[in-house]
Every structure is written in C-alpha cells, then in structure tokens.
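Peer 1: Can you read through this structure? Questions will come right after.
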Amino acid sequence: MGVIKDILRTMDYGPAPEGAEHVRAWLEEHERGFGHFINGAFLRPGELFDVFNPATAKRIARVSQGSPADIDAAVAAARKALPKWAALSGFERSKHIYALARHVQKRERFLAVLETIDNGKPIRESRDIDIPLVARHFYHHAGWASLIDAEFPGTKPVGVCGQIIPWNFPLLMLAWKIAPALAAGNTVVLKPAEFTPLTALAFAAICVETGLPTGVVNIVTGDGATGAALVEHRGVDKIAFTGSTEVGRAIRKATAGTGKKLSLELGGKSPFVVFEDADLDSTVEGVVDAIWFNQGQVCCAGSRLLVAESVAETLYAKLRARMAHLRVGDPLDKSTDVGAIVAPVQLERIRRLMREGEAEGLEFFRADDSLPEQGCFYPPTLVTGVEPASVLAREEIFGPVLVAQTFRTPDEAVALANNTRYGLAASVWTENVNRALEVAARIKAGVVWINSTNMFDAASGFGGYRESGFGREGGREGLYEYRIADEPKPKPKPARPPRLAASPGFAPARNIADSDIDRTAKMYVGGKQARPDSGYSYAALDPAGREVGLAGLGNRKDIRNAVEAAAKASAWGAATAHNRAQVLYYVAENLAAREAEFARRLRAMTGAPARAAKAEVEASIRRAFVYAAYADKFDGAVHATRSRFVTIAMNEPWGVMGIVCPDAVPLLAFISLVMPAIAMGNCVVAIPSASHPLSATDLYSVLDTSDVPAGVVNIVTGEANVLAKTLAGHDGVDALWYAGDAEGAAEVERLAAGNLKATWTCVPAIDWAKAEGREFLRRATQVKNIWTPYGE
Ligand code: NAI
219 MGVIKDILRT MDYGPAPEGA EHVRAWLEEH ERGFGHFING AFLRPGELFD
269 VFNPATAKRI ARVSQGSPAD IDAAVAAARK ALPKWAALSG FERSKHIYAL
319 ARHVQKRERF LAVLETIDNG KPIRESRDID IPLVARHFYH HAGWASLIDA
369 EFPGTKPVGV CGQIIPWNFP LLMLAWKIAP ALAAGNTVVL KPAEFTPLTA
419 LAFAAICVET GLPTGVVNIV TGDGATGAAL VEHRGVDKIA FTGSTEVGRA
469 IRKATAGTGK KLSLELGGKS PFVVFEDADL DSTVEGVVDA IWFNQGQVCC
519 AGSRLLVAES VAETLYAKLR ARMAHLRVGD PLDKSTDVGA IVAPVQLERI
569 RRLMREGEAE GLEFFRADDS LPEQGCFYPP TLVTGVEPAS VLAREEIFGP
619 VLVAQTFRTP DEAVALANNT RYGLAASVWT ENVNRALEVA ARIKAGVVWI
669 NSTNMFDAAS GFGGYRESGF GREGGREGLY EYRIADEPKP KPKPARPPRL
719 AASPGFAPAR NIADSDIDRT AKMYVGGKQA RPDSGYSYAA LDPAGREVGL
769 AGLGNRKDIR NAVEAAAKAS AWGAATAHNR AQVLYYVAEN LAAREAEFAR
819 RLRAMTGAPA RAAKAEVEAS IRRAFVYAAY ADKFDGAVHA TRSRFVTIAM
869 NEPWGVMGIV CPDAVPLLAF ISLVMPAIAM GNCVVAIPSA SHPLSATDLY
919 SVLDTSDVPA GVVNIVTGEA NVLAKTLAGH DGVDALWYAG DAEGAAEVER
969 LAAGNLKATW TCVPAIDWAK AEGREFLRRA TQVKNIWTPY GE
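In the numbering used here, the protein residues as written are 219 to 1010.
This is the structure in structure tokens:
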C-alpha cells in the first residue's frame, strides 16, 4: 500500500520492460551465426560480422557478409522460381501473401521485440506502428495479387527484383518492398541493412513456415559491397532502393544503360509548416511525432519547423515544456518515448552536425542532457535562430533534432518549404482549409500531411520529388514499379553513326551568314524564334542526299535558354485542365488545317510515299485531339487509407520536361511525346529528330496561332545526342524522355543522376502507331498524396 501512496505522491514512472525471453532464446539458438536465406533454406554461415543492440552496445548476433557469389546464388534461385510464381493465378499468389500477413500478425510481439533490440526504437513504436503496418502491407497486397490481371491489363511482372533497404524501419521497409513485388508476380533478392538484418531473417523463417515456394524470396545479408553486387548483377531486372541520396545517386549511375527498372526512395529535409491560426497544442504533439518518432531517423521526418513569426515564441515555449516530458532510455521499456540511435557512426554524424551548428552560433535547447550511460543515445534537441543557409537547415541530420525558422507570409512559408533539394514530405498546420490545401498544392513533395504527420498506409503511395528520388511505394501507384508492358523486349539499336558527316539526312554544318538569304529554321524558345547561339546551321537532307532545308545547330547555351524559358512558363501547370484542353484542341485544329502542307514536308524530308506521309499527318492530328481530350480526364484518386482521412492522390506535372524525339515518323513521334507532356501541365524542351527536323520547326507557327503560352513548348534543333546530354545534366530539368539509341540512353541515365531526374528511355521500342494513352500521361506526372483529416 505504502508503495502505491509513494507512487501517487511522486507520479514517477516505474520500470515497465517488455519481456524479451523468446527473442533472446531465438538469438541464442543461432549463436554460431546466421547464414543467408537462399532457395528456401538458410545456408551455413559464411564470413561473419557482428550485430549490436544500440541501446546496450552489446553484440546480439553474428550475420554473414554476402559475397558476389552469394548474390549470384540468390539471383539464380529467384530466376529459377520466377516462371512458376509468375504463372500462378493471382488468387494462388494472394493466398501465399495472405499467409505471410497472418503469420506476421501471429508473431507481432516477437517481431516487435526483435526489431527494438536490433534497431533501438521504442517498443511502443515497433509494437504499435511498425509491425501492424507490416501486416497491413501484406494484407493489402494479397488483395492486389488477385486483382493484378484485371487492374493492370497489358502488363506482366518485371522479373527478378533486387531490393536494398535501410535500417530505420527494417521490417516495414522489407514489407514495402516484398509485398508489392510478390503481388505483381516477381521474385526477389533482398538485402537488409548491415545494422539491422535480424527481422529480415525472422521473416525468412516465416516464408518457410507458410510454404512460400522456394526461391521466391531470398535474403542476403551484408554491407554496401553486398548491395553493390546486387545492383550490378546482370540477372536482376529491377532495383528498388531506400537509403541515402548519395548511394541512390551511385545506383542511378551503376544501372544506367542496363535496362534495369529503378525506383529510389531517398533522403529528405521535410518542412513542418505552422501558420498563426494553427491549434498549437495539437501542433506540439504533431512535432513530437514528426521529429522524435524513431529518434528522428525517419526519411520523411518533419525536421524543419517553419513557424509564423507571430506565434513562434509561444510555440517554442510549449515545445520546451513538452520536451521536458519526453523520456529517453531503454527502448524495451513501454514508457520510453525516445530510444537509441542505431549505431555509433550515426551518433557521431549527429554530433558532428551539431558541432557545425554550434560554430554557426545557433541556439540549442535540450530539456535534459542526462542520458543512459551505455549505448547510443542523443537527447531531443530544438535549434532556433536558424538561417536558410545554415548547415542544419540544409543537411539531413537523421537524428532527434528539430531546426526552427520563422516566416511572415504564406508565400514566404512556401518559398522556405521548397528551399531544399529534397521533396519527400511536408506537414501543414492551420485551421483554415483553403490555406492548407493551397499550401499543400504548392509544396514540392510526394506526401503532404495536413494537421497531421508521419501517416502511412499500404493503400497510399509514398515517395519523393526531386532528390528524394522517384517511384512510389504503396497503393496502386506503387504497383507500376513492379509491372512492365507485356510486349517483346526491344532489341537494342546499334549506335547512330557518330556525327555530322555521312549520316543520312544530316549534312555538315555551315555558317548561317554564308547563305544569301537566311532560310534557316531557327530555334523556338520562349514563344519566339531564336537564332542558334553557335551561329551555325546544318542541312537536312532527303534519302537521296538532296538538301531539303536548313536547321539551326543548337548547343548547350540554346538548351539552357530553352530550359529557362520553360521554367518561366510554369503558370501552365496551374492553369485549369479545361484551359489546357482548349489550347490543345486549338493546336490539333490548326494542324488539321495545314494537313497537306505537313504531308508534303514529310514526303520531302523522309522520302515517304504520299499515302504514308498523309497517314502520318492524319495520325498526328488524331493524337493531338486525343491528348486534348485527356487533358481534363487523367484524374487522381482518393485512397482508402484511414478513417477520418481523405487521402487525395493528385497527378501533378513534373515541371520542366526534356523530350528527345526519334528519327522514325518525325511528326507523329514528336506529337506523341510532346502533347501528353503539355496536356498534363509540363513545360517542354523538345529536341526533334536531327535528321528530319523540319516538320517540328514548321510547328512554330501552329503553336503561335493556337494560344500556346510562350515557353510551354521550346524546340532546339541539332545533334540529338549532344543536346540530350546537356538536358540530362541540367538541374532545371525535372524529367527526361529519350527516344534514341542504346548508347545515348545510357549516357542520359548516367547524367540524370545529378539531380536524380526521372528518365524514360524505353521509348524507341514503341510502335508509334499505337503510342498513345494513359501510360504516357502517367509518365508525364508524379503522384502527390495529400492526407486531409476531417472531424473535430
Ligand atoms: P546508406 O544509403 O549507405 O544505406 C542504405 C542501404 O544501402 C543499406 O542496406 C546499405 O548496406 C546499402 N548500401 C550502401 N552502399 C551501397 C552501394 N554502394 N550499393 C548498394 N547498396 C548500398 O545509408 P547509411 O550509410 O546507413 O546512412 C547514412 C545517411 O543516409 C543517414 O544519416 C541518413 O541521412 C541517410 N539515410 C536515409 C534513409 C532513408 O530512409 N531515406 C535511410 C538510411 C539512411
């Protein structure tokens, strides 16, 4: 009795540890070390490395370091299992995935404890958030498995998927990767992070238990070198990666030109925007979830607090008071709020960044500096007085550190929010629904939470804009990453002959001033015709080698001007879809009015028979009408996520798109690529066929007379592959479609690693007669999910 009275007096928390006996016994069973899980069985342990509990700094297991030979064996097993798994009916696959969900659920407690011991996250989080979401992900995708044929017609599985995951949500990231891959009929080789491989191995045991066919899931443990071997393996058809932007960029380069499909979920520096009318008490709880959840080791952590100046001090005071109640300590204790940092190297990274911040003279607040004596801990920290240029406002800290800045107007808030190379997520706090939705639409991020934060659900896509990567995980949008068009694989085309000289239809450059009358078709930049910066033109030749006309020889400066003009025209993306449709209809009509002239031009340029030329123009006109029709019909969705949330999946334009057109059917291909891009609100820099540029340059007057706003379509003629390189390396270009040769595609993908722009380089395989429809619109957009709560 006395004890209860004492407790009531002090109101102190007593220890409330979660039982860990089962997990400890399981770890002891494997004391000699874990082997890889390949072809349905655990191999004998190989070369081993230690795995530590970050909260105690004690070794908890030894795990095999995957070699290239191990990756080889795992890929071979996945390849062997692929035909049967892919051929199973969706219903049969769904039963297997459903069994995985059920078994995860049955072992929830075990998996939560293991995750906490391995990663250092509080048991409350692994028990109430991570593992339930893992089960939810498998359930949701069990459903997709049975619907995949009906819902994704004309597609098939990608093949063998190499999946590399980080250490911050080990089992959840595994679920985000494996569940959609299996549902879509693929087989996988997954490499967990070296700090946290244990729940993946426990999951492998579940795969055995549920009777998943051997080889469908393979797990190879190891470090970055093991990951790199998986990325480079020729038997892998797709790489899905979550981790740092730096490694993501290296993977983009390593996969360039290999034909591997790629999705990257990378770093973030997500804004948490608080307006003066926000409910500040709710906001404080939001901040706790945004930055102190999982010790701030969350790619989408709301790590930049942007707060209206008028309420900043009030909010800081409330936050400081709340911070005093955060309990840092034993992650297995059920009343711990903040657990351990995953590893000493991460802790040192946080400390280094804090030292840099201190050197800048920033103000730090920590409610309580006392930390457990052992293990990797860092106290919740609030940093104020931060300027946008500060290292702490720019770098991903990946720790429990909140960095605060103030703003005065909504415009300034949006500018600050977007003042980052990342674009993963954002939180917006205001009681004004109009403002919330307006700001959500203007922030460049793949997920925006209104009056909420860190909400996840299997039914909603998750993934970034800009240097936070491309591709989505979860929801319908995530499944596209694991399906490809059900068509024969394109044969790689031989590289085009090097350059100006003997290429058919493409004769040596000459100085523009050499011609008596300058008949050179110029560039089309910002709605005006512009002379090429080089001052040179080249002759477009017909198949007999006769000159058909002259086109400007564009260079990097012309591309830069065109990108600048396209960026200035961004209001096009905000125009109503109805307005854009009207403009596209007008283009189609004006093209139709000049049908005969365009057919003559095609005949002259390509030597096509009259009927073929006429057919190409007719097809181009029809296609222009189709995209005018689509402009206001490529709707987003409302995902069925959680109750009391409307999760709006909006299809947003990329912004500035580069489009490199092929030589084949020069007018039809140009229209097939440019029209869907602008229909969705992008502004385009297009490089027409180098050999047959004149049907594109003839379009200038069509665009001029069709009310296409200046800068929405920019056209630069010249050597396609040379210009493509400049476009691919340009940070102002957000996405790039390339329809050229294999060599050029590889170069474009490699250079795109700079700002991690999304690329689509499979276009040359396209049958242009059929190159139309939703696939083009989907690739011309990226999905933003806006989570909007309702109810009091
Ligand atoms: P990391 O990007 O090196 O590791 C993530 C995964 O990639 C691990 O499985 C690792 O073994 C693997 N990997 C490393 N190098 C590779 C390579 N060359 N090829 C293929 N796979 C490779 O991240 P790290 O070093 O653990 O953390 C460093 C920083 O990265 C963190 O401080 C944080 O800022 C950021 N990060 C972001 C994450 C996110 O979810 N966005 C997750 C983890 C880290």
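For every residue, glycine included, the Cβ atom is placed at its ideal position computed from N, Cα and C.
(1) When you measure from the CB of CYS517 to every non-hydrogen atom of the ligand NAI, does any distance come out below 7 Å?
(2) Identify whether MET1028 lies in helix, strand or coil by the three-state DSSP scheme.
(3) Counting only the same chain and skipping the five closest in sequence on each side, list residues whose C-beta sits under 6 Å from that of ALA791.
(4) Rounded to a whole number of angstroms, what is the C-alpha to C-alpha distance between ALA273 and THR373?
(5) Label LEU226 either buried or exposed according to how many other C-beta atoms from any shown protein chain fall within 10 Å of its C-beta, with 16 as the threshold for buried.
(6) Measuring only between beta-carbons, confirm whether PRO431 sits less than 8 Å from chain D.
(7) Out of curiosity, what's the CA-to-CA distance linking ALA762 and PRO880?
(8) Under three-state DSSP, which class holds LEU768?
(9) Beta carbon of LEU163, beta carbon of PHE582: below 8 Å?
(10) Following a CB-centred definition, is GLY445 positioned closer than 7 Å to any heavy atom of the ligand NAI?
(11) So the candidates are TYR357, ARG470, ASN337, ALA360; which of them puts its Cα closest to the Cα of GLU412?
(12) Keeping to the same chain, check which residues put their C-beta closer than 8 Å to that of LEU550; ignore five residues upstream and five downstream.
(13) Just checking, does the segment 380-396 make contact with the segment 443-463 on the three C-beta pairs under 8 Å criterion?
(14) If I measure Cβ to Cβ from ILE777 and keep anything under 8 Å in the same chain, skipping five residues before and after, which residues do I get?
(15) Take VAL856 and list the residues in its own chain whose beta-carbon comes closer than 8 Å to its own, dropping the five residues that flank it on each side.
(16) Leaving out the 5 sequence neighbours to the left and right, which residues in its chain are closer than 6 Å to SER838 when beta-carbon positions are compared?
(17) Out of curiosity, what's the CA-to-CA distance linking THR473 and VAL449?
(18) With a threshold of 16 other CB atoms inside 10 Å of the CB of ARG690, please say whether the residue is buried or exposed.
(19) Quick one: what's got a C-beta closer than 7 Å to ARG717's C-beta in the same chain, skipping five residues either side?
(20) Please tell me whether, using a cut-off of 7 Å, the distance from the CB of LEU449 to the nearest non-hydrogen atom of the ligand NAI is below it.
(21) Would you identify the three-state DSSP class for GLY876, choosing helix, strand or coil?
(22) Which word fits TYR231, buried or exposed, when buried means at least 16 other C-beta atoms lie within 10 angstroms of its C-beta?
(23) Give the range of the alpha helix (DSSP H) segment to which TYR357 is assigned.
(24) Count the other CB atoms within 10 Å of the CB of VAL1008; is the residue buried (16 or more) or exposed (fewer)?
(25) Decide if GLN592 is buried, meaning its Cβ has at least 16 other Cβ atoms within 10 Å, or exposed.
(26) Classify ALA853 as buried or exposed, calling it buried when 16 or more other Cβ atoms lie within 10 Å of its own Cβ.
(27) By how many angstroms is the C-alpha of ILE437 removed from the C-alpha of ARG409?
(28) Which residue from ASP455, GLU807, THR977, GLY693 puts its Cα closest to that of LYS1002?
(29) With contact counted as at least three CB pairs below 8 Å, one residue from each stretch, are the segment 663-680 and the segment 508-523 in contact?
(30) Return the bridge partner residues of GLN592 from the DSSP annotation.
(31) Can you check which of these residues, PHE680, GLY547, PHE309, is closest to ALA368 by C-alpha distance?
(32) With 16 other CB atoms within 10 Å as the buried threshold, where does ASN652 fall?
(33) I'd like to know whether the C-beta atoms of GLY258 and VAL426 end up nearer to each other than 8 Å.
(34) Alpha carbon to alpha carbon, how far is LEU300 from HIS254?
(35) Any idea if GLU765 is buried or exposed, counting beta-carbon neighbours within 10 angstroms, 16 or more meaning buried?
Peer 2: Checking against the coordinates, here is how it stands:
(1) As a working note, residue 517 is residue 299 in the sequence shown. Checking every heavy atom of the ligand NAI against the Cβ of CYS517, one is found closer than 7 Å.
(2) Within the shown structure, residues of the chain are numbered from 219 to 1010, placing residue 1028 beyond reach of any answer.
(3) Against the sequence shown, residue 791 aligns to sequence position 573. Checking the sequence, you will find Gly at residue 791 rather than Ala. Closer than 6 Å at the Cβ level, and outside the excluded window around GLY791, lie PRO871, GLY899.
(4) Counting from 1 along the sequence shown, the entry for residue 273 is found at position 55. Counting from 1 along the sequence shown, the entry for residue 373 is found at position 155. Cα to Cα, the separation comes out at about 47 Å.
(5) By one-based count along the sequence shown, residue 226 stands at place 8. That one is exposed.
(6) Structure shown: chain D not included; a single protein chain is present.
(7) The residue you call residue 762 lines up with position 544 of the sequence shown. The residue you call residue 880 lines up with position 662 of the sequence shown. Taking the straight line from one Cα to the other gives about 20 Å.
(8) Here residue 768 is taken as the residue at index 550 of the sequence shown, counted from 1. Residue state, collapsed to three classes: strand.
(9) Nothing can be reported for residue 163, as the shown portion of the chain is limited to 219 through 1010.
(10) Here residue 445 corresponds to residue number 227 of the sequence shown, with the count starting at 1. Yes, the ligand NAI has a heavy atom inside 7 Å of this Cβ.
(11) What you label residue 412 is simply residue 194 of the sequence shown in a count that begins at 1. The candidate whose alpha carbon is nearest that of GLU412 is ASN337.
(12) Indexing the sequence shown from 1 puts residue 550 at position 332. Within the same chain, LEU550 has close Cβ partners PRO235, GLU236, ALA238, ALA273, VAL331, THR334, ILE335, ILE341.
(13) yes
(14) Here residue 777 refers to the residue found at position 559 when the sequence shown is read from its first residue. Answer for ILE777: VAL903, VAL934, LEU941, THR944, LEU945, HIS948, listed in chain order.
(15) If you number the sequence shown from 1, residue 856 lands on position 638. Taken in chain order, the residues that qualify are VAL864, THR865, ILE866, ALA867.
(16) To locate residue 838, count along the sequence shown from 1; it is residue 620. Closer than 6 Å at the Cβ level, and outside the excluded window around SER838, lie LEU885, LEU886, ILE889.
(17) For the purposes of this step, residue 473 is identified with residue 255 of the sequence shown, where counting begins at 1. For the purposes of this step, residue 449 is identified with residue 231 of the sequence shown, where counting begins at 1. For THR473 and VAL449, the distance between alpha carbons rounds to 7 Å.
(18) The count along the sequence shown starts at 1 and reaches residue 690 at position 472. It counts as buried.
(19) As a working mapping, residue 717 is identified with position 499 in the sequence shown. Confidence is the limiting factor: at ARG717 the pLDDT is only 37, short of 50, which leaves the residue's position unreliable, though a coordinate-based value still follows. If we look at ARG717 and ignore the five residues flanking it on each side, its Cβ neighbours are GLU937.
(20) Along the sequence shown, one-based indexing puts residue 449 at 231. Reading off the sequence shown, one finds Val at residue 449, where the question assumed Leu. The answer is yes for VAL449.
(21) In the sequence shown, residue 876 corresponds to position 658, counting from 1. DSSP places GLY876 in strand when its eight states are reduced to three.
(22) Position 13 of the sequence shown holds residue 231. Per the 10 Å Cβ criterion, exposed.
(23) Counting from 1 along the sequence shown, the entry for residue 357 is found at position 139. Residues 349-369.
(24) The count along the sequence shown starts at 1 and reaches residue 1008 at position 790. In the sequence on display, residue 1008 carries Tyr and not Val. When all chains shown are included, TYR1008 counts as exposed.
(25) Along the sequence shown, one-based indexing puts residue 592 at 374. Classification of GLN592: exposed, given that the 10 Å Cβ count is below 16.
(26) Position 635 of the sequence shown holds residue 853. With the sequence shown as reference, residue 853 is identified as Asp, and Ala is not the correct amino acid for it. ASP853 is exposed by the Cβ-count criterion.
(27) Here residue 409 refers to the residue found at position 191 of the sequence shown. Here residue 437 refers to the residue found at position 219 of the sequence shown. The sequence given here has Lys at residue 409, not Arg. Rounded to whole angstroms, LYS409 to ILE437 spans 6 Å at the Cα level.
(28) Here the question's residue 1002 lines up with position 784 in the sequence shown. Closest option to LYS1002, Cα to Cα, is GLY693.
(29) yes
(30) Looking up residue 592 in the sequence shown gives position 374. Paired residue(s): none; GLN592 is not in a bridge.
(31) Locating residue 368 in the sequence shown gives position 150, where the first residue counts as 1. Of the candidates PHE680, GLY547, PHE309, the one whose C-alpha sits nearest the C-alpha of ALA368 is PHE309.
(32) Position 434 of the sequence shown holds residue 652. Its Cβ having fewer than 16 others within 10 Å, ASN652 is exposed.
(33) For the purposes of this step, residue 258 is identified with residue 40 of the sequence shown, where counting begins at 1. For the purposes of this step, residue 426 is identified with residue 208 of the sequence shown, where counting begins at 1. Yes; because the gap between Cβ atoms is below 8 Å, this pair is in contact.
(34) Numbered from its first residue, the sequence shown carries residue 300 at position 82. Numbered from its first residue, the sequence shown carries residue 254 at position 36. Distance between the alpha carbons of LEU300 and HIS254: 19 Å.
(35) Mapped onto the sequence shown, residue 765 falls at position 547. The residue is exposed, with fewer than 16 neighbouring Cβ atoms inside 10 Å.
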